[in-house]
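For the sequence shown, this note's numbering gives the first residue as 158, with consecutive numbering after it.
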Amino acid sequence: MATSSPFNYNSLYSQLSVPVVRGENRHAKYDFAVAYPDPETLPLEGLADSLKVALEREGKDLALYPVAAGLPALREWVAEKLARDRNMNVGVDDIVLTSGSGEAISMLIAALTDPGDVLLTEEYVYLGTLRAMRRFGADVRSVKCDDEGLIPEDLESTLATVAAEGKKVKFLYTIPAFQNPLGWTMSLERRVKTLEITGKYGVPVLEDDCYVDLRFEGEDVTSMHSMDDSGRVLYVGSFSKIVAPGVRLGYMVAPQEVIQRAMSFKGGGGVNQFAALAVQEFAKDSMYSHIQEQNDSLRVKRDAMLAALGENFGDAAQWSKPEGGLYVWLEMPEDIDLAAFQEQSFNEGVGYYNGTMFSPEGRGANCARLCFGHPTAETVSEGVAEMARIFERHGVLKG
Ligand SMILES: Cc1ncc(COP(=O)(O)O)c(C=O)c1O
158 MATSSPFNYN SLYSQLSVPV VRGENRHAKY DFAVAYPDPE TLPLEGLADS LKVALEREGK
218 DLALYPVAAG LPALREWVAE KLARDRNMNV GVDDIVLTSG SGEAISMLIA ALTDPGDVLL
278 TEEYVYLGTL RAMRRFGADV RSVKCDDEGL IPEDLESTLA TVAAEGKKVK FLYTIPAFQN
338 PLGWTMSLER RVKTLEITGK YGVPVLEDDC YVDLRFEGED VTSMHSMDDS GRVLYVGSFS
398 KIVAPGVRLG YMVAPQEVIQ RAMSFKGGGG VNQFAALAVQ EFAKDSMYSH IQEQNDSLRV
458 KRDAMLAALG ENFGDAAQWS KPEGGLYVWL EMPEDIDLAA FQEQSFNEGV GYYNGTMFSP
518 EGRGANCARL CFGHPTAETV SEGVAEMARI FERHGVLKG
C-alpha cells in the first residue's frame, strides 16, 4: 500500500478543544506530586470476592446497557451513606453515577457555563476542575482562604465586583473537606456564611466532598448540601478516595432539571456496570471497615510528613496540619520560587506540584502541595529529608 501523508485535522477542531499533551507517568524517587492513595491498602481481595458474588448473581445483565443514571443498587447505597454521614436527605433518583467525580464536575460545568461566564473557586483549587472550567471558556476567579476556608469578606467583595461588571457568577465551586490542595476543612460557621452570601447574590454552590471520608482526627462538619433545602447546592462525591481511582466511579446529586441538562453531556452509555457491581457488593458489608483501615494507615503517613517537615524545615517554612485527606500545603518565604525549581527537584529525586498549578491567577510560586498518600511512612520521612537537602544545596532552603 502506498504511504500517504498524515491527514491534517487543523482546520477541523472545535474552538473549545485544546491539545492535552499526555506525558508519560513520570515518578520521582520520592513522589509527593501525584494524588494517589496507598496501593497497600487497596481492598483487592474484597473487591475480587465481591465481583465473583455479584457476577454469579447478576452477571448476565452485563449483556444489556446499564441504565443511564447507573446501577440502582449502588445509588441506593450512596443515598443511605449520604443520609448517615452527610445529613443529606436524597433519593435514588437524585443521584447519577459517573465515571469518577471528575466526570460529574465536568458535566455540571458544561451544563452551566457559556464562554466568558464567571465561575468562582477557592484560592487554590483541584487541577482537574480548573482545567475543565477553562475548557468551557469560563472566566475563573478565586476567593481568598484561611485555615477555616473561604474568607466571607473576600467572597462578598468578589461577588460585588463581578456584579458591578454587569456579569453573572454561574456558581461557586468548593472542596470543603480536606481541601485539595490546601488541606483545611471549612468550619461550620464559614459554611453557613458562604451559603448566606452566595444566597444573597443568587449563586449556586457546587460542593465537592470527595475527601470527606478520609478523616483521621477531629469532628465531621455537616455538608453544605444539608443546610439548604432549595436545591441551590449541587454535590459530587467519589469512590476514588475510598476504594481506588482505577474503579472510575463517582456521583452527582442535583435537582432533576439540572441532572437532565447535565446528562446531555454524559458520553459512553452509562457508567461501568462491571465496576459498579463489584463496588456495590463490596460496599454493603465492608466499606466502613475498609475506610477505617485506610485512614489508620494515612494517619501514620501524615504524622511522618509533619514530623519530617518540623525536623528538616523548622522555621524556614510553614505548612498546613490537615485532620485528614491526602495533602500538606507547604509555604516558603515569598522570594522562593518553587515553580522554577520544580523540574530540578524532580530530576534530583523529589517530586511536588508548585502552587501556581492550582491557582486560577497563577499565584503561589512559593508554595507546594505535598501528597503523603502513596509512599510508605518511612519513604515520606526520607523524602522530606531529601527534599530539604536538595533545597539547601540550591539555596532554596537557607541552612
Ligand atoms: C477535589 C477533587 N475532586 C475531584 C477529583 C476527581 O476524582 P475522581 O474523578 O477520580 O473521582 C479529585 C481527584 O483528585 C479531586 O482532588
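Think of the CB as a built atom: it goes at the ideal place given N, C-alpha and C, for glycine as much as any other residue.
When the options are compared against residue i, the one with the closest alpha-carbon
i: D250; options: V235, A261, T351 and G259; result: V235
i: R459; options: L483, S446, F439 and S299; result: L483
i: K398; options: M544, Y187 and G259; result: G259
i: L352; options: L307, L339, L495 and V393; result: L307
i: D472; options: Q336, A545 and E518; result: A545
i: N244; options: P333, Q437, M384 and A419; result: M384
i: L371; options: G519, E505, L527 and I448; result: I448
i: G323; options: D206, V275 and V253; result: V275
i: W486; options: V410, E438, L316 and Y283; result: Y283
i: E543; options: F515, K325 and Y509; result: Y509
i: K327; options: G203, P272 and K350; result: P272
i: G227; options: A205, S443, R291 and V253; result: V253
i: D365; options: V390, K441, A267 and L212; result: V390
i: K423; options: R214, L208 and V224; result: V224
i: D195; options: S477, G467, S538 and D453; result: D453
i: L277; options: V319, V410, A267 and S256; result: V319
i: L201; options: I262, R288, I332 and A440; result: A440
i: T331; options: L316, E313, S314 and V300; result: V300
i: G359; options: G394, C367, L316 and D377; result: L316
i: A267; options: Y445, A496, S256 and S421; result: S421
i: A497; options: G521, A474 and G506; result: G521
Helix, strand or coil at residue i [DSSP, three-state]
i: T513; result: helix
i: Y445; result: helix
i: S299; result: strand
i: E313; result: helix
i: E374; result: coil
i: F439; result: helix
i: Q413; result: helix
i: L199; result: coil
i: D188; result: strand
i: T536; result: helix
i: T355; result: helix
i: R526; result: strand
i: I308; result: coil
i: Q430; result: helix
i: V553; result: coil
i: W341; result: coil
i: G394; result: strand
i: D274; result: coil
i: E488; result: strand
i: I332; result: coil
i: E480; result: coil
Residue burial classification, residue i (beta-carbon count within 10 angstroms, cutoff 16)
i: N511; result: buried
i: L173; result: exposed
i: A465; result: buried
i: F529; result: buried
i: H382; result: buried
i: P176; result: exposed
i: N337; result: buried
i: F548; result: buried
i: V178; result: exposed
i: P163; result: exposed
i: E374; result: exposed
i: A419; result: buried
i: H551; result: exposed
i: S538; result: buried
i: D442; result: exposed
i: A205; result: exposed
i: S168; result: exposed
i: P361; result: buried
Cut-off 6 Å between Cβ atoms - residues of its own chain near residue i, not counting five sequence neighbours on either side
i: A401; result: L199
i: L208; result: A435
i: Y368; result: A334, F335, K398 and G482
i: G388; result: P412
i: W476; result: L466, V485 and L487
Contact set for residue i: own chain, Cβ-Cβ below 7 Å, skip 5 residues either direction
i: I493; result: N523 and V553
i: V404; result: F396, A432 and V436
i: E233; result: V249
i: G427; result: Y222, P223, V224, A225 and G227
i: A534; result: V457, K458 and A461
i: K478; result: L463
i: V297; result: L276, T278, L287, M290, R291 and P517
i: C302; result: E279, E280, I308 and L339
8 Å CB neighbourhood of residue i in its chain, flanking five on each side removed
i: G248; result: A236
i: G519; result: T513
i: A211; result: L434, A435, Q437 and E438
i: P309; result: R347, K350, T351 and I354
i: Y193; result: P402, C528, G530 and H531
For this session: Would you check if the stretch 411-431 and the stretch 181-201 touch, i.e. whether three or more CB-CB distances between them fall below 8 Å?
Result: no
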